[in-house]
Amino acid sequence: MARPDESHFMEHSSATSSLSSAKPTRVLFVSLWELGWKTWANQLEHYSENFPGLEAVHLRVSRPSWMWALSREFRPFGIPVISARRSWEWRMKRTVARVISSEQFDVVFVSSQILAPALIEPCRRAGARFAVAIDVTGPAYQRDLAHRKVSPRQRWEDEEKIYEASDLSVTMSSWIADSLHNDFKVPREQICVTVPAVALGPDAQTAPQPAEKRLPRILFCGNDWKRKGGPRLVRWHQELWKDKAELHITSGTAPPLKGLPNVFHHGMVPYDHLVNTIMPTSDIFCLPTYNDMSPFAVSVAQAAGLATVSSRIGGMNDLVIDGETGLLFAPNDDAGFKAGITRLLNDPGLRSSMGTAARQHAEANLDAAKVFPHLLSRLVTLKLDK
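First residue of the sequence shown: 1, per our numbering; consecutive thereafter.
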């Protein structure tokens, strides 16, 4: 239910499961409503509904567009002025704190760490257990994504406060779980790895082999066109495979790409069309990203049974088993990418075996129907640890 005076916050509740006779654990889910966190929030809402022993209340938090332009602190005439970002954080804290104090919650689960600092104190006052979802840490970012500058707002000491206050840290990858343990000394038993997972569905099928009269199809999905490596994939295709394979692109930011042989630009497509129409007729998924953590599109490709070629970066090792469900290369290894894709194009049997292994990997490790219930069970049991 939208709050009329605070349009950037929406709240709704899911029904308590009738399967549990004990008093349910009341969990407030505070979710950042932007980018990949939207998918995460939608999945939390879906799987928490009627989950045994859980009563869920969901609060979506979206940052207004003007905040991006005015988010830095500035000092006109040398006078410090509070930033628009901090002003928004204060209003968000006040709004969420009012929800926490007005209802009795056992657990508050915050997604992502961007929202967490402002909510530690309200949780403490309410006596609620505190859990936070994390996609990256400062140390991991600096070590492994060094070609990108870390924001000056990303301070390790602020992160330490979050992890010290958290009863459960939910990470999007083993990569970040290792960072929490090694860099911040968070005990392993307080970490729950929850990778980007896909609703497989009972009728999901792996990608078919190409018909004899059509070329193999390489698929690229990514709205951040340059960062995801779209331009170089087009360049490789035109140099090496324009007569051997089709390149299909789904992106809202790619240029028109008109007149390029065997390049098909679909623009931004609905998710259902992507997974039900485009992916089932593709043969290789390629995401030569320069900078990423745990891209959801890779999980979707693995679930579709596509041999996946991507960058060995961030949490990718959780999503692709190198040499078994796909091929991973260093982000700047153009030669490796070109050789890997050429190898798959020349070997239909290898494409098929990797595609089959990808689907099996998704069923075992990337199935949202298994991943999210495990996470929700951890949240429910936090109440028992009080």
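Here a beta-carbon is modelled for each residue, glycine too, at the ideal position from N, C-alpha and C. Being a predicted model, the structure only gives us computed values, none of them experimental.
Only buried fits Q43, as 16 or more other CB atoms lie within 10 angstroms of its CB. When DSSP reads this structure, V198 sits in a beta bridge with D367. Taken through DSSP and simplified to helix, strand or coil, F337 comes out as helix. Bounds of the beta strand (DSSP E) holding V110 are 107–111. Nearest to A358 by alpha-carbon distance, out of H46, K338, L382, V309, is V309. For the pair of segments examined, the stretch 325–338 was found not to touch the stretch 261–271: the number of CB pairs separated by less than 8 Å stays below three.
Cβ-Cβ distances below 6 Å link A199 to A368 in the same chain, with the five nearest sequence neighbours on each side left out; the list follows chain order.
Looking at A41, E159, P295, the one whose alpha-carbon comes closest to that of A140 is E159.
L168 and H266 have their C-alpha atoms roughly 41 Å apart. Selection K185, S48, R63, D106 evaluated against K23 yields D106 as nearest (Cα-Cα). Within the model, the alpha-carbon separation for A303 versus E246 is close to 21 Å. The Cβ-Cβ distance between V269 and T250 falls below 8 Å. Secondary structure of F51 (DSSP, three-state): coil. Excluding five sequence positions before and after S311, the CB atoms of its chain that fall closer than 8 Å to its own CB belong to G229, L287, P288, T289, Y290, D292, L328, F329, A330, P331, given in chain order. Looking at the DSSP output, E246 bridges to R217.
The straight-line gap separating the alpha-carbon atoms of D333 and S101 is approximately 52 Å. K185 and S111 have their C-alpha atoms spaced approximately 21 Å apart. Per DSSP, the unbroken beta strand (DSSP E) holding G326 starts and ends at 326–329. Burial is judged here by how many other beta carbons sit within 10 angstroms of a residue's own beta carbon; R124 has fewer than 16 and is exposed. Between F130 and A165, the C-beta gap is smaller than 8 Å, which places the two residues in contact. The beta carbons of V132 and I176 sit no closer together than 8 Å. Within 10 angstroms of the beta-carbon of Q104 lie fewer than 16 other beta-carbons, which makes it exposed. At least 8 Å separates the beta-carbon of A297 from that of R351. For S251, the three-state secondary structure derived from DSSP is coil.
If you ignore the 5 residues before and after S179, its C-beta comes within less than 8 Å of the C-beta of T137, P139, A140, all in its own chain and listed in chain order. Residue range 263–265 is occupied by the beta strand (DSSP E) that includes H265. Positions of the alpha helix (DSSP H) runs, each at least 4 residues long and wholly inside the stretch 260–306, are given as 296–303 in order along the chain.
Judged by DSSP in its simplified three-state form, D183 adopts helix. Under the DSSP assignment, I120 falls in the alpha helix (DSSP H) whose first and last residues are 116–126. F220 has its alpha-carbon roughly 34 Å from the corresponding atom of A116. At the C-beta level, M172 and D135 come within 8 Å of one another.
With 16 or more neighbouring CB atoms inside 10 Å of its own CB, L379 falls in the buried class. Of all alpha-carbon atoms in G36, H361, S31, T356, the one lying nearest the alpha-carbon of E45 is that of S31.
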